[in-house]
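Asks: End of the sequence shown = 674 in my numbering, gap-free, step of one. Glycine included, every Cβ here is placed at the ideal spot set by N, Cα and C. Note that the structure is predicted; figures quoted are calculated from it, not measured.
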Amino acid sequence: MSMRAVTSSRLAAIGAVLVTALLAISGCASLPESSAPQALGTLNREPTSEGPPPPIQGRDPDLLLRDFLQATADPANRHLAARQFMTPAASAQWEDGASTTIVDKPDTLRESRVGDRATYVIRAQKVGELAPDGGYRAVEGTVENKIEMSRVDGEWRIDELPDGVVMDRTAFTKSYRRYVLYFPDPGGASVVPDMRWISVSKNQLPQRLLTLLTEGAQPELAPVVRNQLAQPVSLRGPITKANGDPEEVGVGLGGVRIDFSGASGLNPRDRELLAAQVVLTLAGADVLGPYMLLADGKPLDERFAANGWSVADVEQLSPTLFAQNRIGLHALRGGALTQVSESGVSNAPGYFGSVNNLQSVGLSPDGQLVAAVAANGRPAPEPPRTLMVGTYGGNAFPVAEGNTISRPSWTADGSAAWAVVDGDRVIRAVNDRGTGNVSVQEVDTSALNGSWSGPAFRGPITELRVSRTGVRAALIADGKVYVAVVQRRPDGKYALTSPLPLAVNLSTRALSLDWLGGDALIVAREGNVDPVITVAIDGSQQFPMTSQNLTAPVRLVSASPTTQYVADSRGVLELTSKPTSELRYWTEIPGLGSDTAPVLPG
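1. Where DSSP assigns a beta bridge to I594, which residues make up the other side?
2. Using a Cβ-Cβ cut-off of 6 angstroms (strictly less than) and excluding sequence neighbours within five positions of I677, which residues of its own chain qualify?
3. When you compare only the Cα positions, how much space is there between L345 and A145?
4. CA-CA distance, A549 and A367?
5. Would you decide whether N428 is buried or exposed? Buried here means 16 or more other CB atoms lie within 10 Å of its CB.
6. Determine the direct distance from the alpha carbon of G416 to that of G663, and round the result to whole angstroms.
7. Any chance you could list the beta strand (DSSP E) runs of at least 3 consecutive residues sitting entirely within the segment 269-325, in chain order?
8. Exposed or buried, which one is E201 when buried takes at least 16 other CB atoms within 10 Å?
9. Return yes when the Cβ of L404 is within less than 7 angstroms of the Cβ of L435, no when it is not.
10. Tell me, please, which residues DSSP counts as bridged to T463.
11. For G99, which residues of its own chain have a beta-carbon under 8 angstroms away from its beta-carbon, when the five flanking residues on both sides are left out?
12. Whose CA, out of V224, K198, I230, P204, lies closest to the CA of E216?
13. Using the beta-carbon count (16 or more within 10 Å), is L181 buried or exposed?
14. Assign Q636 to one of two classes, buried (16 or more other C-beta atoms within 10 Å of its C-beta) or exposed (fewer than that).
15. So the candidates are E473, V445, T534, V461; which of them puts its Cα closest to the Cα of Q452?
16. Among the residues of its own chain, which have a CB less than 6 angstroms from the CB of D235, if the five just before and after it don't count?
17. Would you decide whether Q620 is buried or exposed? Buried here means 16 or more other CB atoms lie within 10 Å of its CB.
18. Which of the three DSSP states, helix, strand or coil, is assigned to P204?
19. In the DSSP output, which residue or residues are listed as bridge partners for L430?
20. Would you report the Cα separation of T463 and Y657, rounded to the nearest angstrom?
21. Below 8 angstroms on the Cβ atoms is my guess for R627 versus L583; work out the distance and round it to an integer in Å.
22. Is the beta carbon of D373 within less than 6 angstroms of some heavy atom of the ligand GTP?
23. Kindly indicate which residue of A347, Q290, S382 has the alpha-carbon position closest to the one of L362.
24. Who are the Cβ neighbours of S163 in its own chain at under 7 angstroms, not counting the five residues just before and after it?
25. Kindly indicate the opening and closing residues of the beta strand (DSSP E) around N419.
26. What is the residue span of the alpha helix (DSSP H) that L137 lies within?
27. Return the chain-ordered list of same chain residues with a C-beta closer than 8 angstroms to the C-beta of A111, the five sequence neighbours on each side being excluded.
28. On the DSSP bridge list, what partners appear for N503?
29. Specify, as a first and last residue, the run of the beta strand (DSSP E) that R223 falls within.
30. Hey, how far is the Cα of S641 from the Cα of T286?
31. Out of A596, L441, N379, A484, point me to the one whose CA is closest to S579's CA.
32. Assuming the contact rule is C-beta atoms closer than 8 angstroms, T668 and V644 should be a hit. Round their C-beta distance to whole Å, please.
33. Let's test the definition: count the other Cβ atoms within 10 Å of the Cβ of D674 and tell me whether it reaches 16, buried, or not, exposed.
34. Can you check DSSP and say which residues form a bridge with R229?
35. Taking contact to mean 3 or more Cβ pairs, one atom from each stretch, closer than 8 angstroms, check whether the segment 250-264 and the segment 176-195 are in contact.
36. Run through DSSP, which three-state label would A384 get?
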């Protein structure tokens, strides 16, 4: 079945798996973004007739400060809600756009209080920071801000405070929502998710999202994606309802009409990519179709002139469908690659199913190529492991050796298998399908030490999984989880750049991870408390998956958007939902005992 043959209901079903994974999150960090060309702290949202609620009269200073931390989560009109808690002089001096920090369980500690003056310290654990473009970064550490207060006309007000916004996470999750922008990958085969966080009214949401698309991807992602909604293409006039009515454009209001200046010069493929960016971005934000897309006043595509575009028309470019498993479950058992089917478990044909020394296996997405780490039996000081690459059902040959070699990870087109040798040497085993030759290419990892926030990147790297879009790689280094950008340089070589730390507050070390769609990871970690978790790739959300029926330790995870498998101390288990309820649990795959591992393409 082709990608185009998959129905929109299928896309919705797959998306529901990811939504369930990321939204079952009460009490966990869920975080934000900003607006148009303005910085996050200087958004100008349509003011309501009532305006933000004023401070409670007669409030004690410590309680007033707590109220202030709640009010800072409203960015409208340069944080007008928060400025009401300040004296006029403090409000005039406060630069709310200097920084934005999300904190957990802030304490307000009184240092002194004499007459009409008081000094307090706000102390809290940092959980995240917002860049001016609305990108979220998970961080560790503490924030400690000194606040001077005075009594004005009988009411306590903040008289002096540091620049920048500090807001309580619980208030933040009520005011902000995460949205996903989409940008085409370099080859135009799929679109790449770029997460942002917005606090905006529903009727302004379509315009805000389209404006963000015109501004482009976040800085670390921009060099490795395309943007069809960039000059010379731009928005032409306001977004209206599908019938042309300019009133009440927003979430769930029966379609939108969008005109793009300069789009008439795009070729048919670029027009389709532009439509995919817009339709998938808006649909994911509950801005419903049909989507009447125009190029300089005329239909972007005559096929959709009458009824507009729908999700079904572009879903073949969705990273969720792009990452589907189309070759079924395989497993590593007894050092050999096996096929798992309803009729049982049998060894795969060819070299990889006939040996007994394989330690990890990677399958290309089409199932035609295999990369595996094999124990070669050589005594020390010779490297004891070999990376073998070959065809499924055919032969294989060695391409690299090392004391350790990570589980191989294939790119979506099967052009290369990535692996980490000895914890710090990242390689690509590049496959030429025309000749069958495989060459080894070194990947530049020097930029991994340049993370702009959070804990410094430290090795050794024990796991590396390339996303299906090919522009990101998930890593485990020294037991910590990161997502890096995969950058192809003009000379054809590759580099890993811009590592972002995720799940920074994990109490135990991460052991294994895999991609769960395009914007989330599934992670196995040490211990028997919440051994499997899901993490958003911007670090904003994480939550434990069910541990029902698992027997720690969980050694490995392997996933697609619709199926998730783990290897624990007993065998291989699949995440299953009870048909009559939302209850989820792990079910053992028969025929696979201990010391086995699931193998999915990727």
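Replies: Judging by the given coordinates:
1. I594 pairs with D586, T606.
2. One cannot answer for residue 677 here, as it falls past the ends of the chain, which runs 73 to 674.
3. C-alpha separation (whole angstroms): 35 angstroms.
4. So the alpha carbons of these two residues sit roughly 47 angstroms apart.
5. Under this definition N428 is an exposed residue.
6. C-alpha separation (whole angstroms): 7 angstroms.
7. You should have found no qualifying run.
8. So E201 ends up on the buried side.
9. Contact flag unset, no.
10. T463 is bridged by DSSP to L441.
11. Here the model assigns G99 a pLDDT of 33, short of 50, so the residue's position is not dependable, and the following value carries that caveat. Around G99, the same chain offers no residue with a beta carbon nearer than 8 angstroms, after the five sequence neighbours per side are excluded.
12. Of the listed residues, the one whose Cα sits closest to E216 is K198.
13. When all chains shown are included, L181 counts as exposed.
14. Around the beta carbon of Q636, a 10 Å sphere encloses 16 or more other beta carbons of the protein chains shown; the residue is thus reported as buried.
15. Residue identity check: residue 452 is Ala in the sequence provided, not Gln. Nearest of E473, V445, T534, V461 to A452, Cα basis: E473.
16. Same-chain partners within the cutoff: E167, A170.
17. Around the beta carbon of Q620, fewer than 16 other beta carbons lie within 10 angstroms, which makes this residue exposed.
18. DSSP, read as helix, strand or coil, puts P204 in coil.
19. Note: L430 sits in a beta bridge opposite A446.
20. CA-CA distance, T463 to Y657, rounds to 35 angstroms.
21. So it is a contact: roughly 7 angstroms between Cβ atoms.
22. In terms of ligand content, the structure shown is empty, and the ligand GTP therefore cannot be addressed.
23. The sequence shown places Pro at residue 362, not Leu. If you compare the alpha carbons of A347, Q290, S382 with that of P362, the shortest gap goes to S382.
24. So the list reads R155, once near-sequence residues are dropped.
25. Here the beta strand (DSSP E) through N419 covers 416-419.
26. For L137, the uninterrupted alpha helix (DSSP H) segment begins and ends at 133-143.
27. No answer about A111 holds up, because its pLDDT of 28 lies below 50 and its placement is not dependable.
28. BP columns for N503 point to V510.
29. Residues 214-224.
30. Going from the Cα of S641 to the Cα of T286 covers about 49 angstroms.
31. Checked all of A596, L441, N379, A484; the closest Cα to S579 is A596.
32. Right, their Cβ atoms sit about 5 angstroms apart.
33. Per the sequence presented here, residue 674 reads as Gly, with Asp not at that position. Buried, by the Cβ-count rule.
34. Answer by DSSP bridge pairing, in chain order: S222.
35. Touching, no, given that fewer than three Cβ pairs across the two stretches are closer than 8 angstroms.
36. In this structure, A384 counts as helix in the three-state DSSP scheme.
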